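Remarks on the structure that follows.
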Amino acid sequence: MRIVDARVIVTCPGRNFVTLKIVTSDGVTGVGDATLNGRELSVASYLSEHVVPALIGRDPARIEDTWQYLYKGAYWRRGPVTMSAIAAVDTALWDIKGKVAGLPVHQLLGGRSRDGVTVYGHANAVDVDAVLSEISAYIDLGYRAVRVQTGIPGLASTYGVGKDRTFYEPADAAIATENTWSTEAYLAHVPTVFARVRDEFGPALKLLHDVHHRLTPIEAARLGRSLEPYHLTWMEDPVPAELQSGFREIRRHTTTPIAVGEVFNTIWDCQELITDQLIDYIRTTVVHAGGLTHLRRIFDLAALYHVRSGSHGATDLSPICMSAALHLDISIPNFGLQEYMRHTPETDEVFPHGYRYEGGYLHPSEEPGLGVDIDEELAARYPYRPAALPVNRLEDGTMHSW
Ligand code: GCO
Ligand code: MG
Numbered sequence: 003m004r005i006v007d008a009r010v011i012v013t014c015p016g017r018n019f020v021t022l023k024i025v026t027s028d029g030v031t032g033v034g035d036a037t038l039n040g041r042e043l044s045v046a047s048y049l050s051e052h053v054v055p056a057l058i059g060r061d062p063a064r065i066e067d068t069w070q071y072l073y074k075g076a077y078w079r080r081g082p083v084t085m086s087a088i089a090a091v092d093t094a095l096w097d098i099k100g101k102v103a104g105l106p107v108h109q110l111l112g113g114r115s116r117d118g119v120t121v122y123g124h125a126n127a128v129d130v131d132a133v134l135s136e137i138s139a140y141i142d143l144g145y146r147a148v149r150v151q152t153g154i155p156g157l158a159s160t161y162g163v164g165k166d167r168t169f170y171e172p173a174d175a176a177i178a179t180e181n182t183w184s185t186e187a188y189l190a191h192v193p194t195v196f197a198r199v200r201d202e203f204g205p206a207l208k209l210l211h212d213v214h215h216r217l218t219p220i221e222a223a224r225l226g227r228s229l230e231p232y233h234l235t236w237m238e239d240p241v242p243a244e245l246q247s248g249f250r251e252i253r254r255h256t257t258t259p260i261a262v263g264e265v266f267n268t269i270w271d272c273q274e275l276i277t278d279q280l281i282d283y284i285r286t287t288v289v290h291a292g293g294l295t296h297l298r299r300i301f302d303l304a305a306l307y308h309v310r311s312g313s314h315g316a317t318d319l320s321p322i323c324m325s326a327a328l329h330l331d332i333s334i335p336n337f338g339l340q341e342y343m344r345h346t347p348e349t350d351e352v353f354p355h356g357y358r359y360e361g362g363y364l365h366p367s368e369e370p371g372l373g374v375d376i377d378e379e380l381a382a383r384y385p386y387r388p389a390a391l392p393v394n395r396l397e398d399g400t401m402h403s404w
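Using this note's numbering, you'd call the opening residue of the sequence shown number 3 and step up by one each time.
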């Protein structure tokens with residue numbers, strides 16, 4: 003069997019997605035997500051200009067060899083564009099392997115290690131009263147874990163609080179919108195939110211909070227310490243993580259667990275964080291970290307150091323990425339939590355999928371392969387629309403991490 007075709011499909015059913023569909027000489031197809039929010043066309047072009055021509059004629063069964071070919075063969079290593087393109091190929095080849103074997107991908111990865119994949123939902127609101135009712139709504143749906151984000155008094159808008167109550171979408175304008183940030187206002191407000199939330203919902207509910215790379219290590223240490231009475235499951239992306247040793251400073255001061263990794267694209271971005279036990283959850287994803295092959299390598303390393311998985315699962319990761327993530331989540335020994343943000347009905351229609359939510363868990367599809375596809379005709383009805391993520395400035399106008 004050989005690869006005879008590979009199509010790059012860009013579609014915008016409410017938001018942009020890039021998909022690779024590989025076709026074999028036996029007529030078997032496989033799909034992979036290649037979406038990089040705000041930079042979609044760069045991955046689409048990397049795939050169609052540089053990867054697709056090299057795929058034609060290759061044996062689709064050679065997943066590891068193809069991964070190494072694309073990684074080592076580019077000479078220029080790592081980076082989100084390259085690694086998302088590699089991820090798309092890798093994911094599609096696992097899909098094909100499963101279909102050829104007649105098995106769901108989690109069976110190829112060793113089979114189930116648990117009954118379901120625990121997911122966390124997103125309670126976002128401008129103020130604390132409103133966020134309490136959002137949390138109740140998630141509890142009513144069966145969620146055991148909820149991420150909590152609120153507006154910050156004195157700031158017009160902030161990360162994590164969407165305009166739409168059901169569907170959160172930060173990439174909302176062709177040219178990036180600008181937010182304003184105050185670390186002091188934030189650090190003063192967040193502990194008061196979690197005090198109310200714990201008081202209202204008691205000790206059992208798992209609570210998470212995303213800092214979105216906005217603090218310095220010592221500020222993150224202060225936040226972690228101030229949140230200790232409310233025992234969060236994790237404090238996410240407390241600081242930008244290029245400087246891995248910076249996490250030592252946070253660790254020295256707080257027992258609040260740390261999750262990081264949604265912008266990482268290889269094992270080298272988290273090697274020191276993991277082996278020095280500076281984090282508790284690694285949040286790398288299938289689409290941005292080189293596909294199932296590389297993500298499993300990261301999670302295996304993490305398992306040796308008591309670090310559990312917590313894969314990113316925002317709406318800019320397509321249902322193909324979610325399908326693939328669930329096969330890995332259900333099979334690895336060190337699964338922690340899976341993020342789950344619901345897609346819009348238009349997106350769900352373009353990507354028919356077999357995974358399902360029930361009582362706080364997602365269940366991967368039992369169909370052969372990944373159990374997800376793209377409806378190419380429908381996808382063609384939603385042309386690409388430029389959409390950028392916001393940028394962020396301090397009150398004096400200085401650029402800050404968004
Ligand atoms: C999360 C994230 C996202 C990102 C988004 C960027 O934890 O879900 O921080 O919402 O901001 O994926 O494209
Ligand atoms: Mg995040």
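Each residue gets a CB set at the ideal place from its N, CA and C atoms; glycine is no exception.
Because the structure is a prediction, the values reported are computed rather than measured.
- Short note on leucine 217: C-beta not closer than 7 Å to any heavy atom of ligand 1.
- In this model, glutamate 66 and glutamate 136 are separated by some 43 Å (Cα to Cα).
- Comparing alpha carbon positions, the residue from Glu274, Gln151, Ile332 closest to leucine 209 is Gln151.
- 8 Å or more divides the Cβ of threonine 268 from the Cβ of glutamate 230.
- Cβ-Cβ distances below 7 Å link phenylalanine 203 to Ile137 in the same chain, with the five nearest sequence neighbours on each side left out; the list follows chain order.
- One Cα belongs to tyrosine 77, the other to glutamine 70, and the distance between them is close to 11 Å.
- For glycine 123, the enclosing beta strand (DSSP E) covers residues 119-127.
- Residue state for isoleucine 284 is assigned as strand, using DSSP reduced to three classes.
- Only residues of its own chain outside the window of five on either side were considered, and among them Ile276, Thr277, Gln279 have a CB closer than 7 Å to the CB of tyrosine 307, listed in chain order.
- Around serine 325, the same chain offers His355, Gly356, Tyr357, Pro366, Ser367, Leu372, Gly373, Val374 as residues with beta carbons nearer than 8 Å, after the five sequence neighbours per side are excluded.
- It is roughly 19 Å from the alpha-carbon of alanine 103 to the alpha-carbon of isoleucine 322.
- Here arginine 216 is buried. Its C-beta has 16 or more other C-beta atoms within 10 Å.
- Residue range 5-13 is occupied by the beta strand (DSSP E) that includes threonine 13.
- Among the bridge pairs identified by DSSP, glycine 373 is matched with none.
- When C-alpha distances from alanine 291 are compared across Arg310, Val265, Asp282, Asp302, the shortest belongs to Val265.
- Remark: C-beta atoms of glycine 34 and leucine 43 do not approach each other more closely than 8 Å.
- In the structure shown, glycine 100 adopts helical secondary structure according to DSSP, grouped into three states.
- Closer than 7 Å to some heavy atom of ligand 2: that describes the Cβ of aspartate 212.
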